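Novice: Take this structure first; my questions come after.
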């Protein structure tokens, strides 16, 4: 993987779709050339990552951390909704999620 | 009064030579005089801070036994939630949001009677090395207002170097506490991963993020470190062990017989001459104090930057999925929930954040996962191994904190790779989860700007940073005849 990884404009458009960001045409142009340069620089990780090396995903060797299952004070419904762009009857109010007419 | 150390302020408060209210108001006065130039703050909580200060004064007058830092003001990086106070992370997507809860760091600060003056500017979601990626405005380095104050915590470093606050909170994912400290002539510590709770720290890269103290002296950083650190059941990655005795270590300041490892890979090409000269001078000072200097080699550090720019974007692409325009934050656009989400994220995120989300989405996508994210995780193991081997040979490791002094605002903002290189010496520490400090080593000869000296120690040996840092600081202070910040130009 020493050559520049090819990343096309349509690749970036697909990534933007996956990441739920509606990018403008000029952003897509700009990012596809930038990403090629960045990927070329970071691809060198594969040079040394050959063979049997255990991956590290986290600095601490923690497995499951449990706490006692106790009831404790938490946010009220009002507090939880305090930052919502819209709410109704104590619930988050969101735009239509399913495609068809309700 | 505002130019004193936090430790001296705390003492004056305890002796009732000054009230917390007076001290707080003096800082707000300083802020109103200089912050139009420095632009360190995004939000000031004048009323809340003065009320908190009055509360401390009342408790003191009743004869209550108060914590050391009670009544001392602090600037809080805008990535930490504080109940009812705007928390933007430097992003439009969170503009106007007032969190309904306190982060554990803020809870600990309040318990210690620390007075929170306001929220400081930062690169959007802590992604950057210059604070130019803030959606609101850049922050200016008090040493030269045309230069960057470092990043992502440039607001915090600028606030303490401009005497707008004696203490600040930063967060460090790849160097965001240490590099700003280096370029502003201040002290910054990235504690051991898990040493300070991440509850209420808006996540960028969860396996790397760590909050820590920013201050003007090593002892001040230690006092703040002990105030905010400790186990927190609300953070499942919080270490359940006693906090290292960092205040005691800062007071000990004795490096006689200490083995110090100089990392071969973190010097030379790419480092400014004046930065390297100051680094050598500090090494000679430590040696003259009886420390034994050895060279260590960490060959995998050459791959740390590449691994970081895969791991951090991968984690951020997942973490920032929470900004979905549904439950809090910005909502804009029309149509279905998905369309609104797409339009909100387009309008709400800045250039660098989008760049990293897309990069992370790519690195995690099927077909590329092994080559990119998988390989980066293996490099992380190699870096941990390099640290472990080096810590067998030396009790602390050292390097320059950043390869250069503060650069000009705008100089690197269109070249992401050049910008990323600022973090070349700080990133390995985050990948391994160990701890590190940056303290000023003096001014680089060619531009008379501050250079940083980095000290690294094994996980949960944070006290070693403070012991060695305080010893070096004492000797440098004697050499300079006054604190480095007293050599900075007056802002008035």
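Protein chains in written order, with my numbering: chain A, 1 to 102; chain B, 1 to 492. For every residue, glycine included, the Cβ atom is placed at its ideal position computed from N, Cα and C. A quick note: this is a predicted structure, and the numbers were derived from the prediction, not measured.
1) Please list, in chain order, the residues of the stretch 344–359 of chain B that have any C-beta partner in chain D closer than 8 Å.
2) Does residue 22 of chain A come within less than 7 Å of chain B when only Cβ atoms are used?
3) From residue 258 of chain B to residue 243 of chain B, what does the alpha carbon distance come to, in whole angstroms?
4) At 4 residues or longer, what runs of the alpha helix (DSSP H) sit wholly inside the stretch 13–79 of chain A?
5) Looking at the unbroken alpha helix (DSSP H) that takes in residue 390 of chain B, where does it start and where does it end?
6) Indicate the three-state DSSP secondary structure (helix, strand or coil) for residue 41 of chain B in the structure shown.
7) Which residues does DSSP pair with residue 398 of chain B in a beta bridge?
8) Look up residue 428 of chain B in the DSSP assignment and say whether it is helix, strand or coil.
9) Determine the DSSP secondary structure at residue 514 of chain B, reduced to helix, strand or coil.
10) Is residue 19 of chain B near residue 57 of chain B, with beta carbons less than 7 Å apart?
11) If you count every other CB in all the chains shown that lies within 10 Å of the CB of residue 179 of chain B, and 16 or more means buried, which is it?
12) In the DSSP output, which residue or residues are listed as bridge partners for residue 80 of chain B?
13) With 16 other CB atoms within 10 Å as the buried threshold, where does residue 256 of chain B fall?
14) List in chain order: all unbroken beta strand (DSSP E) runs of 3+ residues lying wholly within the stretch 264–327 of chain B.
15) Would you verify that the beta carbon of residue 46 of chain A is, or is not, closer than 7 Å to some beta carbon of chain B?
16) Are the CB atoms of residue 196 of chain B and residue 226 of chain B within a distance shorter than 7 Å?
17) Which term fits residue 348 of chain B, buried or exposed, when burial requires 16 or more other beta carbons within 10 angstroms of its beta carbon?
18) Could you run through the stretch 299–321 of chain B and flag, in chain order, every residue whose CB is less than 7 Å away from some CB of chain A?
19) Short of 6 Å in beta carbon distance, which residues of its chain neighbour residue 203 of chain B, apart from the five on each side in sequence? Order them along the chain.
20) Do residue 48 of chain A and residue 303 of chain B come within 7 Å of each other at the CB atom, strictly closer than that value?
21) Which chain B residues sit within Cβ distance under 7 Å of residue 96 of chain A?
22) With a threshold of 6 Å on Cβ separation, who are the neighbours of residue 217 of chain B within its own chain once the five nearest residues in sequence on each side are excluded?
23) In terms of alpha-carbon separation, which member of B/189, B/301, B/104, B/248 lies closest to residue 266 of chain B?
24) By DSSP's criteria, residue 437 of chain B is part of a beta bridge. Which residues make up the other side?
25) Would you decide whether residue 361 of chain B is buried or exposed? Buried here means 16 or more other CB atoms lie within 10 Å of its CB.
26) Using CA atoms only, rank isn't needed, just tell me which of B/316, B/312, B/397 is closest to residue 291 of chain B.
27) Can you grab the Cα-Cα spacing for the pair residue 231 of chain B / residue 108 of chain B, in whole Å?
Specialist: Per the coordinate set shown:
1) Among the chains of the structure shown, chain D does not appear; the protein chains present are A and B.
2) At least one chain B Cβ lies under 7 Å of residue 22 of chain A.
3) Cα-Cα distance, rounded: 22 Å.
4) DSSP runs (the alpha helix (DSSP H)) wholly in the stretch 13–79 of chain A: 25–42, 45–48.
5) Where residue 390 of chain B is concerned, the enclosing alpha helix (DSSP H) stretches over 375–393.
6) Correct three-state label for residue 41 of chain B: strand.
7) Its beta-bridge partners are B/262, B/455.
8) For residue 428 of chain B, the secondary structure class from DSSP, reduced to helix, strand or coil, is helix.
9) The structure shown has nothing for residue 514 of chain B, since chain B only spans 1 to 492.
10) Annotated as proximal: residue 19 of chain B and residue 57 of chain B, with beta-carbon spacing under 7 Å.
11) Buried, by the Cβ-count rule.
12) DSSP lists B/201 as the beta-bridge partner residues of residue 80 of chain B.
13) Residue 256 of chain B counts as exposed, since fewer than 16 other beta carbons sit within 10 angstroms of its beta carbon.
14) List check, beta strand (DSSP E) in window: 292–296.
15) Yes - at least one Cβ of chain B is within 7 Å of the one on residue 46 of chain A.
16) Cβ atoms of residue 226 of chain B and residue 196 of chain B: not closer than 7 Å.
17) It counts as buried.
18) Contact residues of the stretch 299–321 of chain B toward chain A are 300, 303, 306, 307, 309, 310, 317 (C-beta to C-beta distance below 7 Å).
19) The residues are 319.
20) It is a contact, given that the beta carbons lie within the stated cut-off.
21) In chain order: 336, 337.
22) Correct list, in chain order: 5.
23) Among B/189, B/301, B/104, B/248, the Cα nearest to that of residue 266 of chain B belongs to B/301.
24) Residue 437 of chain B has B/189, B/455 as its beta-bridge partners, per DSSP.
25) Buried, by the Cβ-count rule.
26) Here the closest residue by C-alpha is B/397.
27) Their backbone Cα atoms lie some 11 Å apart in a straight line.
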